[in-house]
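The sequence shown begins at 38 in the working numbering and counts up one residue at a time.
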Amino acid sequence: MKIDFYEFGRIIVNGQEYRHDLIIFPDRILSPWWRLEGHGLEVVDLKEVWSEKADFLVIGTGAYGVMKVKEEVKKKALELGFTLIIQPTFEAVETFNQKVSLGKVIGAFHLTC
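Set out below in structure tokens:
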């Protein structure tokens, strides 16, 4: 998977446009991706991710970095062997595309604030 373009509220992955938050897996995309709290990320919000095997988990916290990642999420990711990268979504998109050539990557992206 490759992210072709991102702007506030809109992302294009492999030529397909999405206007809702999403999780990009190596073989599929989950969109819309809903969380218990719109601007908070909890362990349960990534339940589809935890059963996957990947080298990297890239989390995009929004264009302005408003979405906060709970400490429990960070601990769970490390326990499961993910290299965890948390960045505002503009940066996270670039990181996701760079990491794809280095191993299996999962990306969870908040597209707005």
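Glycine included, each C-beta is placed from N, C-alpha and C at the ideal position. All values derive from a computational prediction rather than experimental measurement.
The region 110-123 in contact with the region 70-85 per 3-pair CB rule at 8 Å = yes
key: Phe-119 in three-state terms, based on DSSP   = In the sequence shown, the residue the question calls residue 119 occupies position 82. Three-state result, Phe-119: coil.
query = Roughly how many whole angstroms lie between the Cα atoms of Leu-117 and Trp-87?
reply = Here residue 117 is taken as the residue at index 80 of the sequence shown, counted from 1. Here residue 87 is taken as the residue at index 50 of the sequence shown, counted from 1. Roughly 8 Å between the two C-alpha positions.
request  = Let me know the secondary structure DSSP gives Ala-114 once reduced to three states.
outcome  = Taking the sequence shown and counting its residues from 1, the one referred to as residue 114 is at position 77. Note: Ala-114 maps to helix in three-state DSSP.
ask   = Taking DSSP as the reference, what is the three-state secondary structure of Phe-93?
value = The count along the sequence shown starts at 1 and reaches residue 93 at position 56. Strand.
inquiry  = Short of 8 Å in beta carbon distance, which residues of its chain neighbour Asp-92, apart from the five on each side in sequence? Order them along the chain.
reply    = The count along the sequence shown starts at 1 and reaches residue 92 at position 55. So the qualifying residues of the chain are Phe-119, Thr-120, Lys-136, Leu-139, Gly-140, Lys-141, Val-142.
task = Could you tell me which residues DSSP puts in a beta bridge with Glu-74?
result = Working through the sequence shown from its first residue, we reach residue 74 at position 37. Bridge partners of Glu-74: Gly-77.
request  = State yes or no: is the C-beta of Pro-125 within less than 7 Å of the C-beta of Thr-98?
outcome  = One-based indexing of the sequence shown puts residue 125 at position 88. One-based indexing of the sequence shown puts residue 98 at position 61. In this structure, Thr-98 lies closer than 7 Å to Pro-125 by Cβ.
query = Does the beta-carbon of Trp-70 have 16 or more other beta-carbons within 10 angstroms, so that it is buried, or is it exposed?
reply = In the sequence shown, residue 70 corresponds to position 33, counting from 1. The residue in question, Trp-70, is buried, as its Cβ has 16 or more Cβ neighbours within 10 Å.
ask   = Rounded C-beta distance between Val-103 and Phe-133? I'm assuming under 8 Å.
value = Position 66 of the sequence shown, counted from the start, is the residue given in the question as residue 103. Position 96 of the sequence shown, counted from the start, is the residue given in the question as residue 133. Contact doesn't hold; Cβ gap of about 19 Å is too wide.
ask   = Which class does Lys-141 belong to by DSSP, given the choice of helix, strand or coil?
value = Here residue 141 is taken as the residue at index 104 of the sequence shown, counted from 1. Here Lys-141 sits in coil by DSSP.
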